[in-house]
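Take the position in the sequence shown, starting the count at 1, then add 116; the result is the number in our numbering. Accompanying notes for the structure given below.
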Amino acid sequence: YTMAPTAGALDIQLVKKGTYVLGDNTHEIDVHDISKAIKLTSLTITLFTIFILIIITIFNLII
117 YTMAPTAGAL DIQLVKKGTY VLGDNTHEID VHDISKAIKL TSLTITLFTI FILIIITIFN
177 LII
């Protein structure tokens, strides 16, 4: 489920021949796109961790 939003966020096209095409073919994927993907992954992990910590904190305050 994360491949299509990632393709859109990075403005790239991901293809599995004969199965699917995700995103628009605006340019060839290069090293900069890989760097952007790593940054996007790091941001996602950070936001998820913050979200989980907030949920745990709220849960501990309730109990």
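From the three backbone atoms N, C-alpha and C, an ideal C-beta is built for every residue, glycine too.
Beta-ladder partner(s) of residue i, from DSSP
i: V147; result: Its beta-bridge partners do not exist; DSSP assigns none.
i: L156; result: In the DSSP output, where bridge partners are listed per residue, L156 has none listed.
i: L180; result: Given that the chain is displayed from residue 117 to residue 179, the structure contains no residue 180 and the question cannot be resolved.
Backbone secondary structure at residue i - three-state DSSP
i: K132; result: strand
i: I171; result: helix
Cβ pair residue i, residue j closer than 8 Å
i: A153; j: T173; result: no
Three or more C-beta pairs below 8 Å linking the segment 145 to 153 and the segment 121 to 128: yes
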